[in-house]
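Residue numbers (UniProt numbering), protein chains in the order written: chain A, 1 to 348; chain W, 1 to 341.
Report on one structure; see the data block that follows.
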């Protein structure tokens, strides 16, 4: 039973790990192969700051809220394990700032200690009149992806540095199931007009005195188009760019100025911070995550594809819930192929 | 008195902040700081500099609260300014956890720190041995940066600073009009204050940059305070011990206690051990005194005995001491007028 995973970002690697963990003892012939044109540290996941936080509104997508919660709980459970540091996992508290009152988010009871900001706290942030404080998690891609890669390598999963041009390319080669975790470039494998790049740009600085995340929101300009500051274990990420439909991965001087000026207004001490890097990435934006099966006919062969892409700016936040859902779909496929009597694990 | 000459003895957080307050309230004063130690070799440099007050048994609570409030307000303004990183002042959030119910549900400072509330059940799950907790956001003064920033501000006002061991306050009476005694533990010897006693504290300063939150056991013995570049792990409270030498068994014990609160500290690197003697007293001595010897008078303002709470109240006591210096100057001017008559 050969399974090909296309994509080696957080979605591809975690889906592969989840499937291997659940099924390798039940399916002795299970062989996993990861195909990607980019590996860590060059994936979209590597550029993300790594803060667990869904969007302010879930727009009624309860399934995604459940996946977010499953991810948070899974990560929180790893907090006390010796692997936490290697995974790039740690607790962090911080602020979400608004210029007007907003309803509480769907994730208020998922994070720890969620509450509104007090008037005195708002004095820290002139120009903002409302906000939230909570404790959440950081999962730094630069550590997590290598950690996932090590776990997969230990389990005998093979990696291939290759740009897959079509599903046929892998399924025609004798692969039974394809996991499509190709992120923003999923459209190259199968047209999907709903998938668009949500271009972001970030500046990495040395600002080790910043111990909180600060995310501002401008409900008029839309999500991620307002400054944010996210302290990592080594660098602090400054951001606030979201350009729908922009495919450029080149850093823009105009965006740099916008990020720098707005973040320094938010935290004046950042003016003294040393800039160490700058990066642009493409969030795989979609009205909802595409997580579903598809049977693809190639000649007289039928290939099973599990799509798992379109996680926008919340891939890290939602990844494990989606990985488990993909694993469940994989279990269904095994059942249908009579490789399994009954699927393992709890049903949702 | 055209330009009163004020000597401030001591260059820890108390000496430097008191000197700075004097330059602010008395711009015509000529202020000189004298100390046998400067940053990074003061007691203040060992401390984490967390704004979590210590309660002095014999100082009225309203006075302690006023000192803390003034200090918090002063540092809050710096923390949101462009100077914050140079001054070493930053906000930090975290938890104070208790194994048994705390004496007071609401400490006197709970409405001065930010966002003070009880920890939720979910948060307490992280601490299986603890049953109660408080969550809040406060400020931290990192040393040496804060002391160096105070020194820089002092130099800008023309204040001179000299390395000098003052063995007797009377040494200074011919050069200075007023002496301000901010000698911390040194006051035991310098002014013979037997109410002052050391409480030895050993700490570890480690590299663990993924630790962004403070954790403190309500017993005050075990704490994890993330600073700009290092995390301070503590500690001990050894009353009456004068030893400045690190103890290896104590180091192991502190590390184990902190790892049980935050297991990821097992991965901490570059562990440095430091020892400081908290200059402890039942009340902080902020007081005027006129020393007299052979017909000569020497006005002295004392500002020492802050024990475990120096950073938390430093600016408030410095303000009070500067005010007392003002009173000394008025007295001197009054008596010099009388002398002319």
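For each residue, glycine too, the CB sits at the ideal point set by N, CA and C.
Under 8 angstroms, Cβ to Cβ, is there at least one residue of chain W near residue 52 (chain A)?
no
Residue 34 (chain W) and residue 150 (chain W) look like a contact to me (Cβ under 8 angstroms); what is the Cβ gap, rounded to whole Å?
The pair is not a contact, with the Cβ atoms about 15 angstroms apart (cut-off 8 angstroms).
Which residues, in chain order, does the segment 80 to 95 of chain A contribute to contact with chain W at a C-beta distance below 9 angstroms?
Those residues of the segment 80 to 95 of chain A that come within reach of chain W (Cβ to Cβ, closer than 9 angstroms) are 80, 81, 82, 84, 85, 86, 88, 89, 90, 91, 92, 93, 94.
Using a threshold of 8 angstroms, state whether the C-beta atoms of residue 138 (chain A) and residue 90 (chain A) are closer than that.
yes
When DSSP labels each residue in this structure, what does residue 150 (chain A) get in the three-state scheme?
helix
Between the segment 254 to 277 of chain A and chain W, which residues of the former have CB atoms less than 9 angstroms from a CB of the latter, in chain order?
The segment 254 to 277 of chain A vs chain W, Cβ under 9 angstroms: 264, 267, 268, 269, 270, 271, 272, 273.
Would you call the CB atoms of residue 195 (chain A) and residue 286 (chain A) closer than 8 angstroms?
A distance below 8 angstroms separates the beta carbons of residue 195 (chain A) and residue 286 (chain A).
Which value, in whole angstroms, describes the spacing of the CA atoms of residue 104 (chain W) and residue 66 (chain W)?
19 angstroms
For the putative contact between residue 166 (chain A) and residue 189 (chain A), defined by C-beta atoms under 8 angstroms, what is the C-beta separation to the nearest angstrom?
6 angstroms
Please classify residue 224 (chain W): is it buried, with 16 or more other beta-carbons within 10 angstroms of its beta-carbon, or exposed?
Looking at its Cβ environment, which holds 16 or more other Cβ atoms inside 10 Å, residue 224 (chain W) is buried.
At a cut-off of 7 angstroms, would you count residue 203 (chain W) as near the ligand MG, judging by its Cβ distance to the nearest heavy atom?
With respect to the ligand MG, the structure offers nothing, as it holds no ligand at all.
How far does the beta strand (DSSP E) with residue 60 (chain W) in it reach, from first residue to last?
Where residue 60 (chain W) is concerned, there is no enclosing beta strand (DSSP E), given that its DSSP letter is neither H nor E.
Alpha carbon to alpha carbon, what distance is there between residue 331 (chain W) and residue 173 (chain W)?
Cα to Cα, the separation comes out at about 16 angstroms.
When the Cβ atoms of the segment 195 to 203 of chain W are set against those of the segment 239 to 259 of chain W, are three or more pairs found closer than 8 angstroms?
yes
Distance cutoff 8 angstroms, beta carbons only. Does residue 39 (chain W) sit that close to anything in chain A?
no
To the nearest angstrom, how far is the alpha carbon of residue 348 (chain A) from that of residue 328 (chain A)?
Reliability fails at residue 348 (chain A), whose pLDDT of 49 lies under 50, so the model's placement of it is uncertain and the value that follows must be treated cautiously. Looking at the two C-alpha atoms, the distance is approximately 9 angstroms.
Boundaries of the beta strand (DSSP E) in which residue 90 (chain W) is found, first to last residue:
89 to 98
CA nearest to the CA of residue 300 (chain W), picked from W:306, W:307, W:290, W:308
W:290
Tell me, please, whether the CB atom of residue 92 (chain W) is closer than 8 angstroms to any CB atom in chain A?
yes
Proximal residues to residue 236 (chain A) (C-beta, below 6 angstroms), its chain only, five neighbours per side dropped
205, 207, 210
CB contact below 8 angstroms: residue 114 (chain W) versus chain A:
Yes, because at least one Cβ of chain A sits closer than 8 angstroms to the Cβ of residue 114 (chain W).
When we look at the beta-carbon of residue 219 (chain W) and count the other beta-carbons within 10 Å, is it buried (16 or more) or exposed?
exposed
With a cut-off of 8 angstroms, do at least 3 Cβ pairs link the segment 225 to 232 of chain W to the segment 307 to 321 of chain W?
Result no; under three Cβ-Cβ pairs closer than 8 angstroms.
Nearest CA to the CA of residue 260 (chain W): which residue from A:42, A:26, A:81, A:67?
A:81
Is the segment 254 to 270 of chain A touching the segment 298 to 313 of chain A in the sense that three or more CB pairs, one from each, lie closer than 8 angstroms?
no
Under 8 angstroms between C-beta atoms, does residue 112 (chain A) make it to chain W?
yes
Would you verify that the beta carbon of residue 109 (chain W) is, or is not, closer than 8 angstroms to some beta carbon of chain A?
no
With C-beta atoms as the reference, is residue 3 (chain A) less than 8 angstroms away from residue 334 (chain A)?
no
Secondary structure at residue 300 (chain A), three-state DSSP: helix, strand or coil?
Reduced to three states, the DSSP call for residue 300 (chain A) is coil.
At which residues does the beta strand (DSSP E) containing residue 304 (chain W) begin and terminate?
296 to 304 is the extent of the beta strand (DSSP E) around residue 304 (chain W).
Does any residue of chain A bring its CB to less than 8 angstroms from the CB of residue 173 (chain W)?
Chain A places no beta carbon closer than 8 angstroms to that of residue 173 (chain W), leaving this residue out of the contacts.
Does DSSP put residue 348 (chain A) in a helix, in a strand, or in coil?
With a pLDDT of only 49 at residue 348 (chain A), under the threshold of 50, the placement of this residue in the model should not be trusted; the figure read from the coordinates follows. Three-state result, residue 348 (chain A): coil.
Residue environment, residue 39 (chain W), which counts as buried when at least 16 other CB atoms sit within 10 Å
buried
Partner residues on chain A for residue 80 (chain W), Cβ-Cβ distance less than 9 angstroms
123, 124, 125, 126, 267, 268, 269
For a quick check, are the C-beta atoms of residue 145 (chain A) and residue 13 (chain A) less than 8 angstroms apart?
yes
Along the chain, where does the beta strand (DSSP E) that runs through residue 269 (chain W) open and close?
DSSP places residue 269 (chain W) inside the beta strand (DSSP E), whose first and last residues are 269 to 280.
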